[in-house]
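Numbering (the working numbering), first residue to last: 46 to 405.
Heads up, the beta-carbon is just placed ideally off N, CA and C, and yes, glycines get one too.
None of these values were measured; they are calculated from a predicted model.
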Amino acid sequence: MKSHKESIMNKAKAYSAASATSPLALDTVQRRDTTESDVQIEILYCGICHSDLHTVRDEWNSVMPTTYPCVPGHEIVGRVIEVGKAVTEYSPGDVVGVGCLVDSDQSCPACLENVEQFCPDSTFTYNSPDKHLGGVTYGGYSESIVVDEKFVLKVPGNLNLARVAPLLCAGITTYSPLRRWGDINGKKVGVVGLGGLGHMGVKFAKAFGAHTVVFTTTPGKKDDALRLGADEVIISSDSEQMKAHAGSFDYILNTVSADHDVNVYLGMLGMDSTMTMVGAPEAPLAVSAFALIFGRKNLNGSLIGGIKETQEMLDFCGEHNITSDVEVIPIQTVNEAYERLLQSEVKYRFSIDMASLKEE
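Written out as structure tokens, the structure is:
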């Protein structure tokens, strides 16, 4: 294995933010040399997650303050260009993915249960302490990345790679709670919101055999929701529509990150049913105890998924031909994409073609 000093010489082009108010701009970052358990990856596509925007603008400062320069991106699809001598699962030329995690201690109860996202020493793909180089990790808005083999994922060969990239976050974020809740075949399942997360929730719920219902405040999204697989669409601002479905849902996946009244959706649940939050509103939620007590209802949250489950999700997508709906953009328009993301002007995820970085 190379020494620490020998492992800090690789440079990679990237787009980074220098401060919370700076636009993303061309930069160069250090990547470690490939150690014996590492996989070096040429990044082909990287999705844009709302978390990228929050982190770049330091909007989660009270929970996860941003260290600058910040290179975001945790929805990565690429091609293996080099492997360490101890790597057994991957070879140069393989098409692979990297999601929100690039390391963990591999020994704590969470890791032993294959939920590395809850490891107290987990390393996120960007803005996390980098034990190899010091400073923080740099994400996928870059030409390459080096990741431990255990955190690299196999990408099914039949899927469009630009559309696969968002599966590494938006996909697993919605797949995991839907799968973990139990057999939803034939059950009535609601998806609140039809954005980057919500549209994946609809696709998975439908693939699992659920009677899938979308809640949206935007009447203009009805046709698209039906196209994506929804069986019904409820305009949540229409009190009569909401009243007609009250108490009838077995499970609801809430993907909304904007401030909203969750008690309205708790009222849609039947007895002993559950709503899972995967959207993350900035302000604390005002939850009525009575909304939970009457009906023994459950409200919980879910955070991405472990590596084993993420691979399961990718394999499921390969079997069912499920990918994200994307708009492919060059890296040079990433700042405009952020502004459009704020206005919900994308259907339903941006995917950056990282070949555009070679033009810089």
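Counting only the Cα atoms, D78 lies some 12 angstroms from D193. Between the C-alpha atoms of K251 and E364 there is a straight-line separation of about 14 angstroms. As a beta-bridge residue in DSSP terms, E277 pairs with V258. Of G243, L330, G312, the smallest CA-CA separation from T300 is found for G243. With a threshold of 16 other beta carbon atoms within 10 Å, F260 meets it and is buried. Counting other Cβ atoms within 10 Å of its Cβ, F253 reaches 16 or more and is therefore classed as buried. Nearest to R76 by C-alpha distance, out of Y393, V141, Y171, is Y171. Taking C-beta atoms as the reference points, L69 and A59 fail to come closer than 7 angstroms. Y186: not part of any beta strand (DSSP E); DSSP gives it neither H nor E.
Sorting D304, S284, K353 by C-alpha distance to the C-alpha of P329 places D304 at the top. Residues of the same chain with a CB within less than 7 angstroms of the CB of P137, apart from the 5 flanking positions on each side, are V125, I126, E127, V128 in chain order. Taking the Cβ atoms as the reference, V191 lies roughly 5 angstroms from Q85, within the contact range of under 8 angstroms. The DSSP assignment places 314-322 as complete runs of the beta strand (DSSP E) inside the stretch 313-341, in order along the chain (cut-off: 3 residues). Less than 7 angstroms divides the Cβ of V236 from the Cβ of G246.
About 6 angstroms separates the beta carbon of D97 from that of G118, a gap short enough to meet the 8 angstroms contact definition.
Only buried fits I229, as 16 or more other CB atoms lie within 10 angstroms of its CB. With 16 or more other CB atoms across the displayed protein chains lying within 10 angstroms of its CB, P211 is buried. When C-beta atoms of the stretch 287-295 are compared with those of the stretch 262-269, fewer than three pairs fall below 8 angstroms, so the two segments do not count as touching. Distance from the CA atom of V132 to the CA atom of I349, rounded to whole angstroms, is 26 angstroms. In the DSSP assignment, C91 falls within the beta strand (DSSP E) that extends over 83-93.
Annotation for R102: A65 place their beta carbon closer than 6 angstroms to its own, counting only its chain and skipping 5 residues before and after.
Counting only runs of at least 4 residues, the stretch 141-174 fully encloses the following alpha helix (DSSP H) elements, listed from N- to C-terminal order: 154-157.
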